[in-house]
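Reading through the structure tokens given below for one structure.
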Amino acid sequence: MSDFETLQGWLEKAAGGDGARQAAAETLLKLAAAARDVSRMVARGPMDPAVAGLARSERPEKFDEKAGELFMTALEQAPVARIARERGRMEAGTPGAPVALAVDVLNGVQNIVANIPTGSFFSFLPEKGEETFTQPGAAQVCGGFFMYGPRTMLVFSLGEGTVVANMDPETGVFHVTSPQRRLPDVPAREYAANASNYRFWDSAIRTYVNDMIDGADGPREADYNMRWASSLPAETVRILNRGGIFLYPGDSRPGHRDGRMRLLFHANPVALVIEQAGGAATDGERRILDKTPDEVGQRTPLIFGSSGEVERVKRYYELPVGGSCSPLFSRRGLFR
Numbered sequence: 001m002s003d004f005e006t007l008q009g010w011l012e013k014a015a016g017g018d019g020a021r022q023a024a025a026e027t028l029l030k031l032a033a034a035a036r037d038v039s040r041m042v043a044r045g046p047m048d049p050a051v052a053g054l055a056r057s058e059r060p061e062k063f064d065e066k067a068g069e070l071f072m073t074a075l076e077q078a079p080v081a082r083i084a085r086e087r088g089r090m091e092a093g094t095p096g097a098p099v100a101l102a103v104d105v106l107n108g109v110q111n112i113v114a115n116i117p118t119g120s121f122f123s124f125l126p127e128k129g130e131e132t133f134t135q136p137g138a139a140q141v142c143g144g145f146f147m148y149g150p151r152t153m154l155v156f157s158l159g160e161g162t163v164v165a166n167m168d169p170e171t172g173v174f175h176v177t178s179p180q181r182r183l184p185d186v187p188a189r190e191y192a193a194n195a196s197n198y199r200f201w202d203s204a205i206r207t208y209v210n211d212m213i214d215g216a217d218g219p220r221e222a223d224y225n226m227r228w229a230s231s232l233p234a235e236t237v238r239i240l241n242r243g244g245i246f247l248y249p250g251d252s253r254p255g256h257r258d259g260r261m262r263l264l265f266h267a268n269p270v271a272l273v274i275e276q277a278g279g280a281a282t283d284g285e286r287r288i289l290d291k292t293p294d295e296v297g298q299r300t301p302l303i304f305g306s307s308g309e310v311e312r313v314k315r316y317y318e319l320p321v322g323g324s325c326s327p328l329f330s331r332r333g334l335f336r
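If you count the sequence shown from 1, position 92 lands on 92 in this note's numbering, and the numbers rise without skipping.
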């Protein structure tokens with residue numbers, strides 16, 4: 001018997017009498033049931049019947065297809081008016097329901113081959129007809145994600161703090177293990193970035209990263225570690241637990257100028273749980289939750305983590321010269 005409250009019990013109390021929150025809470029329980037089955041499928045890997053007999057290169061796509069089936073089955077009769085899926089599909093929902101759902105059923109499916117955590121992202125928005133999925137992220141009724149790793153976790157927010165739940169692997173039941181998760185007060189000296197894209201970044205991001213690479217000898221006067229799991233759920237959970245910053249800026253490669261993260265499916269739910277935990281999320285210049293998507297599949301740069309670090313990145317964008325570009329601290333400056 002777990003000492004922690006079940007997700008169902010917690011949601012029944014948290015939803016209150018608000019119709020939209022009640023619909024989101026009821027649907028979240030259905031998502032949790034699907035996530036339980038997806039978790040077991042991912043854990044079985046190549047032994048799962050869904051991928052048996054397939055060539056190795058085909059298996060990740062089959063996992064994604066099967067996850068979609070599990071989620072859509074669980075969402076039958078759910079109180080959501082419509083469902084937007086990350087790969088561009090729109091599904092009909094329950095007419096008259098107060099909320100709509102945007103869902104990426106298996107993010108990072110290629111990571112299954114390397115046994116790296118994957119996840120499922122979701123975002124509930126008030127139903128507004130044709131304008132539903134062009135509302136800013138600040139309008140979210142609920143947002144978050146499941147992570148399938150050593151533990152299957154659920155991280156979400158109903159707009160009143162960030163909640164963490166863990167699934168009991170024996171029963172498949174989710175229990176709320178942290179009803180009010182907060183980022184650490186002490187900033188972590190860690191940053192997550194795909195350094196292979198360094199030469200494509202703009203000067204603000206390169207300067208910011210250079211200053212951390214310079215460590216105790218540079219303007220930050222402290223040594224930093226780089227982390228890169230190539231898994232958005234894992235990166236987010238680590239920052240919730242340890243602080244630091246995640247950087248996936250736009251860059252000069254074709255198709256990357258406006259970033260690669262989906263605003264509706266990934267950036268918005270991550271920004272919601274990070275802000276509700278005391279952090280911040282931006283595209284470098286604008287708060288993520290203030291951005292209004294022009295289309296369902298719109299992409300965005302995504303920078304999130306400890307609020308002090310995110311604000312520092314924004315200052316690098318505002319100042320024409322700073323950090324290691326300063327004459328005092330540059331690599332070929334007065335003291336080098």
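Where is the CB? At the ideal position from N, CA and C, for every residue including glycine.
In the DSSP annotation of this structure, ALA195 is not part of any beta strand (DSSP E), being labelled neither H nor E. A distance below 6 Å between beta-carbons, with the five flanking residues on each side excluded, links PHE71 to the following residues of its chain, in chain order: ALA34, VAL105. The criterion of a C-beta distance shorter than 8 Å is satisfied by PHE133 and VAL296.
Taken in chain order, the unbroken stretches of beta strand (DSSP E) that lie wholly in the segment 60 to 103 and span 3 residues or more are 80 to 85, 90 to 92. Around the beta carbon of SER2, fewer than 16 other beta carbons lie within 10 angstroms, which makes this residue exposed. DSSP, read as helix, strand or coil, puts PHE156 in strand. In the structure shown, HIS266 adopts helical secondary structure according to DSSP, grouped into three states. Inter-residue distance for GLY96 and GLN140 is about 18 Å (C-alpha atoms, whole angstroms).
Scanning VAL163, TYR191, GLN22 for the CA closest to the CA of GLN180 turns up VAL163. The closest CA to that of GLY119, considering only GLY308, GLU318, LEU232, is found on LEU232. Taking GLY159 as reference, the option from LEU319, ARG312, LEU11 with the minimal CA-CA separation is LEU11. In terms of CA proximity to PRO249, SER203 leads the group GLN110, PRO184, SER203. By the criterion of a C-beta distance shorter than 8 Å, ILE112 is surrounded in its chain by VAL42, GLY45, ARG59, PRO60, PHE63, THR118, once the five residues flanking it on both sides are discounted. In the same chain as THR152, and ignoring 5 residues on each side of it, the C-beta atoms closer than 6 Å to its own belong to SER39, MET167, in chain order.
Looking at the backbone, the Cα of ASP217 and that of ASP223 are separated by about 8 Å. Its Cα nearest to that of PHE156, the residue GLY143 stands out among LYS30, GLY143, MET147, PRO150. As a beta-bridge residue in DSSP terms, PHE246 pairs with ALA192, PHE304. In this structure, SER306 sits near GLY244, with a CB-CB distance shorter than 8 Å. Taking the CA atoms as reference points, ALA23 sits about 6 Å from PRO79.
Rounded to the nearest whole angstrom, the C-alpha separation of PRO126 and ALA20 is 7 Å. Judged by DSSP secondary structure, SER39 falls within the alpha helix (DSSP H) whose first and last residues are 19 to 44. A direct Cα-to-Cα measurement between GLU235 and GLN77 gives close to 33 Å. Nearest C-alpha to GLY161 among GLU318, THR282, PHE121, GLY278: GLY278.
With respect to the 8 Å criterion, ARG227 and ARG260 are not classified as neighbours on the basis of their beta carbons.
Cα atoms of GLY93 and GLY9: separation of roughly 25 Å, rounded to the nearest angstrom. Out of GLU311, ASP48, MET47, LEU272, the CA that lies nearest to the CA of PRO187 is found in GLU311. Scanning its chain for C-beta atoms nearer than 8 Å, with the 5 sequence neighbours on each side dropped, one finds around ARG257 the residues GLY250, ASP251, in chain order. For VAL176, the pairing in a beta bridge is given by DSSP as ALA165.
Assigned with DSSP and collapsed to three states, LEU183 falls in coil, not helix or strand.
If you draw a 10 Å sphere on the C-beta of LEU319, you find fewer than 16 other C-beta atoms in it, and that means exposed. The closest CA to that of VAL109, considering only GLY129, GLY149, GLY137, is found on GLY149. The alpha-carbon separation between ALA138 and ALA193 amounts to approximately 26 Å. Distances from the CA of ARG242 to each of ALA165, ASP18, TYR317, ILE274 were compared; the closest alpha carbon is that of ILE274.
Rounded to whole angstroms, the separation of the alpha carbons of MET147 and VAL103 is 14 Å.
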